[in-house]
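Just so it is clear: in the sequence shown, position 103 is 103 by the working numbering, and no numbers are missing.
Glycine included, each C-beta is placed from N, C-alpha and C at the ideal position.
Single-structure report; data block below.
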Amino acid sequence: MTALLAGTLVAGVLASSLAALAWRRREHPGGRFFAAMMAVNALWLFGFAVELTATDASSALPWFRWRSAVIAFVPALWALFTLEYADYGEWVSLRAVTVVTAPAALTAALSFTNPVHELFWSEPSLVVEGPFRLLVVQFATGWWVSVAVSYLLVTAGMILIAGIAVQSTGLYRKQSLLVLGAAVVPALTNAAYHVGASPVPHLDMTPFGFVINGFVVFWALYDYRLFDLSPVARSAVVDRMDDPMVAVDGNGHVVDVNPTARDLSAVPDPLGRKFSESFPEVSDSVDIVASTMTDEVVYDGDGDRWYFEPRVTPLGDQQGAVIVLRDVTLRRERERSLEAIQAASRDLMRAETPDAVAERTVRAVRDVLDLEHAAVHLEENGELRPIAHTDAVVDLYDPVPAFDVGEGLQGTVFETSEPLVYRDVRGKDVLHDESTPFRGVAVFPLGDRGTLSAAATTPFEHDETLVRLTSLLSANAAAALTRAERESELREREHELARQNEQLDEFASVVSHDLRNPLTVADGYLEKAREEGDVGALDRVESAIDRMDRLTDELLELARNGRVVTDPSPVSLSDLAAEAWKNVDTGDACLDVRTDAVIRADRPRLLQLFENLFRNSIEHGSTNNWTQSGDSGEYGSSGDPNASCSADAVGGASADFDSKPPRDAAETGVSPPAGRSPSGDDNSDDEAATDSPLSVTVGTFEHGFYVSDTGRGIRPENREKVLEQGFTTSDDGTGFGLAIVHEIAEAHGWSVRVDESAEQGARFEIVGVE
1 MTALLAGTLV AGVLASSLAA LAWRRREHPG GRFFAAMMAV NALWLFGFAV
51 ELTATDASSA LPWFRWRSAV IAFVPALWAL FTLEYADYGE WVSLRAVTVV
101 TAPAALTAAL SFTNPVHELF WSEPSLVVEG PFRLLVVQFA TGWWVSVAVS
151 YLLVTAGMIL IAGIAVQSTG LYRKQSLLVL GAAVVPALTN AAYHVGASPV
201 PHLDMTPFGF VINGFVVFWA LYDYRLFDLS PVARSAVVDR MDDPMVAVDG
251 NGHVVDVNPT ARDLSAVPDP LGRKFSESFP EVSDSVDIVA STMTDEVVYD
301 GDGDRWYFEP RVTPLGDQQG AVIVLRDVTL RRERERSLEA IQAASRDLMR
351 AETPDAVAER TVRAVRDVLD LEHAAVHLEE NGELRPIAHT DAVVDLYDPV
401 PAFDVGEGLQ GTVFETSEPL VYRDVRGKDV LHDESTPFRG VAVFPLGDRG
451 TLSAAATTPF EHDETLVRLT SLLSANAAAA LTRAERESEL REREHELARQ
501 NEQLDEFASV VSHDLRNPLT VADGYLEKAR EEGDVGALDR VESAIDRMDR
551 LTDELLELAR NGRVVTDPSP VSLSDLAAEA WKNVDTGDAC LDVRTDAVIR
601 ADRPRLLQLF ENLFRNSIEH GSTNNWTQSG DSGEYGSSGD PNASCSADAV
651 GGASADFDSK PPRDAAETGV SPPAGRSPSG DDNSDDEAAT DSPLSVTVGT
701 FEHGFYVSDT GRGIRPENRE KVLEQGFTTS DDGTGFGLAI VHEIAEAHGW
751 SVRVDESAEQ GARFEIVGVE
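Structure below.
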């Protein structure tokens, strides 16, 4: 008897200690109800200890009623503990606590009032069983109802714990199984008492079973840190973590992993295995004992690479640690993309032309940002024209469309200078062509030059990294465009300066050489006039002075015409040709204008081009005897543009640029001049030429216009030379007339081609005219 009493008191003290320790951690899930359960169990044990000292039934019965009243609260507190442990804490309201504990309160009330109604027991008696003196009663219906409710609550709690054990893994599965196993002990001892199978007849071992239960749960509480995080909460947090988590005990064994970490394990089931064997890459990077780690853990597999930053949290005194691997793969990819964008931006700054900048920009969008659909549109005359694009864009649009300013996404972005980004355009009426497969679409302004468009067949990510990188690239591309245009202008100015310097050198050469000849002639004849009194020599002096005057005028004209045309305007070829014809002394030659086309040109300089071509035809192509010196400066009369030509000669052609006319007699209506062979060679010298009038024709062909004549033509070996400065076949010619024509054409971006006309005369074609 003494041993039973001592054991009961010790069990009561242990239960009280567990209650006190658990109460100190009552803020953890289930802690307060576990502390209350242990406290109630201690009250039962202390009451039973007093009952054991009774010598008769009347003195033992009050403590029996006490035990019956307080033990009813244990199943209720167990049920409330399991609710919080299973992460159903939001259900544990005051109302829920009242509902769960109401049957226990009723049982306590009926226990204390049982002498009145005897619904719980009757016939109490004190019996001796070996060394034990125990109170025995005959249980009634009310007691069995109370027992049934208690078992219902205990079973419900066990079901919750079992569910946690099934859902959890690793550490928390072991915790749950410990708690579930601990709950079985008091349930079995109570069942043995009520069916008469207790090792000591009539001795209720249930409170002792709850003491064992308390120790097991308390061990799980502190050794497994049970109340730090409930198993269901752990499953909600840890198992669903994107970052791998590994728990290691003090012996270096893996006790818990989440699914993400399990995928990184070198073994199929890392639980219970050595940490160094299960996660060798992590083990090489962290020191659990010293809680130190490297900057990065790298995993390679299936052609991919993952980067992790380890974080080690120690668990008490050498009890292990929790390692969390923060996935920084996306950050590393962003860093690499940013580095690639910076490299691409440096490459953009090395581009020499806007077109090169555009090409490199779309290549960077494709290669660095992995967007197959990219295009750069640059503004020109109110229209955004596609300058560069990826091949994937051509697969969808061929040709790639242009946009007016204000039209479509590109036109809107250019007009507002604000980017437009759609993570998913599905269901939005924003695309120029709704049939395209695009989902993610972004358009960025390139300063005041154009737009950069990028699209994907999948929606853009929500982290906006791709959009930010594309925005950064577009800003750098805009700066590169400005730089390329500025440097292009600078190169053009340098080229122009070099050309002008070259012209100055040529000018100096001509001044020093070509002017020396007429000066020498003038000086000689002037000396002759002085010495011999030959007045006729003064005519030769005057002629030499006139030639020097023409040379000076044409050299100045050549220098002026070398400037690049920057602001062309619409010019009618037929009107300009007629005006130029009037400005030249054409004698009895006639003009045949076969076009009314309008081109864009610098009108005064184009007028000079026609005048020089007409002078060349008159001076070098005429089949008449000319007494004039043949220099352009001598022509000042205004000839009739249609003199001696057919009535329909002027304006007889379509306004459009036609294909190159066939070179036959029908071109001008004039047959080859008499005295000429088809080869273009003269059959007689100039003095014996026929009186056939010269005819000059102006017409157009595709991308150009021409001036041809029916004169003597230009020998094939001289056709390239005639455009050179200073080249002439005439003794009194300057050699600059056709050079001026060449300079004017180049200033417009055109070229000059010398050929033979249908009548074996000269034909000058101006090519590249828009």
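Nearest C-alpha to D404 among E359, A182, E717, L384: L384.
Between L83 and L160, the C-beta spacing is below 8 Å.
Sorting P199, H117, F112, P207 by C-alpha distance to the C-alpha of A39 places P207 at the top. In terms of Cβ geometry, L106 and E51 do not form a close pair [threshold 8 Å]. Taking a cut-off of 8 Å on C-beta distances, the segment 24-43 does not touch the segment 52-64, as fewer than three cross pairs fall below it. Shown here, K274 sits in a strand according to DSSP, grouped into three states. Fully contained in the segment 353-427 are the following beta strand (DSSP E) runs of length 3 or more, in chain order: 373-380, 383-389, 420-422. Within its own chain, the residues whose Cβ lies closer than 6 Å to the Cβ of P270, once the five positions on either side in sequence are excluded, are V254, V257, S278, listed in chain order.
With fewer than 16 other Cβ atoms inside 10 Å of its own Cβ, E702 counts as exposed. In this structure the segment 470-488 does not lie against the segment 394-411, because fewer than three pairs of beta carbons, one per stretch, are closer than 8 Å. The shortest CA-to-CA distance from R273 to any of E281, V248, V535 is the one to V248.
The way I'd put it, the segment 377-392 doesn't touch the segment 483-491; fewer than three beta-carbon pairs between them come closer than 8 Å. In the structure shown, D549 adopts helical secondary structure according to DSSP, grouped into three states. In the structure shown, V443 adopts extended strand secondary structure according to DSSP, grouped into three states. Straight across, the Cα-Cα distance linking R24 with Y151 is about 29 Å.
By the criterion of at least three beta-carbon pairs nearer than 8 Å, the segment 570-578 is in contact with the segment 586-595. In the three-state reduction of the DSSP assignment, R24 falls in the helix class. Remark: C-beta atoms of A321 and T329 do not approach each other more closely than 8 Å. Residue state for H620 is assigned as helix, using DSSP reduced to three classes.
Of all C-beta pairs linking the segment 62-74 to the segment 25-35, fewer than three are shorter than 8 Å, placing the two stretches out of contact. Spatial neighbours of W219 in its own chain (CB-CB distance under 8 Å, excluding positions within 5 residues in sequence) are listed in chain order as L178.
Cβ contact annotation for Y193 (same chain, cutoff 8 Å, sequence separation greater than five): L203, D204, M205, T206, in chain order. Its Cα nearest to that of G411, the residue G382 stands out among G382, V421, P399, V722.
In the three-state DSSP reduction, V40 falls in the helix class (H, G or I). The beta carbon of V92 sits closer than 7 Å to those of L80, L83, E84, all from its chain and outside the five residues before and after it, given in chain order. When DSSP states are grouped into helix, strand and coil, S59 belongs to the helix group. If you compare the alpha carbons of D87, V13, I323, G713 with that of M245, the shortest gap goes to I323. By the neighbour-count criterion, in which 16 or more other beta carbons inside 10 Å mark a residue as buried, T189 falls on the buried side. In its chain, beyond the 5 residues on either side, P437, F438, R439 have a beta carbon closer than 7 Å to the beta carbon of T457.
Looking at the backbone, the Cα of V286 and that of V217 are separated by about 33 Å. E756 is the residue among L396, E756, V752 whose C-alpha sits nearest the C-alpha of G711.
By the Cβ-count criterion, D295 is exposed, with fewer than 16 other Cβ atoms from all chains shown falling within 10 Å of its own Cβ.
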